[in-house]
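Q: Residue numbers are given in numbering that gives the first Met the number 0: position 102 of the sequence shown equals residue 101, and the series is strictly consecutive. Beta carbons: idealized from backbone N, C-alpha and C, even for Gly.
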Amino acid sequence: MNIYVSNLSDDTTNDSLEELFEEYGVVTSAKVMYDRRTGYPKGCGFVEMPNDIHGQRAIDSLHETEFEGNNISVSIARPKTEQNNRGYGNRGGYNGGHNSGYNGGYNQRRY
């Protein structure tokens, strides 16, 4: 079971997160997420537990409890979704739409 943990303290480490969940069963991995650009923690992480029953017990027991000074939120992690165009959507581009402002004043539909 992949578990998502949010509202983590900036002081939370992979080891301390793993120790918290080991109380409920075997933990195969515990990872605090960091911003690639700044290197600062994002305040969330993921814990993997091979036994779904132990994972659900950990979620039920730890959700909205205090850990390292913060009330954490614990839930089943949602599957990662693929984002196209790095989140920019379908806005067109440099010359994307007929009203993009880069047409030089030429009305293409008229001629």
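Under 8 Å Cβ to Cβ from Y110, same chain only, skipping five residues before and after it: list those, please.
A: Since pLDDT at Y110 reaches only 49, below the 50 mark, its modelled position is unreliable, and the value read off the structure follows with that caveat. Here the set comprises nothing.
Q: In the DSSP assignment, what residue or residues form a beta bridge with N70?
A: Its beta-bridge partners are E65.
Q: Go ahead and pull the three-state DSSP assignment for G24.
A: If DSSP states are grouped into helix, strand and coil, G24 belongs with coil.
Q: Measuring CA to CA, which of V46, V31 and F45 is closest to Y39?
A: Nearest option by C-alpha distance: V31.
Q: Based on the DSSP output, what are the partners of K30 in its beta bridges?
A: Answer is F45, bridged to K30.
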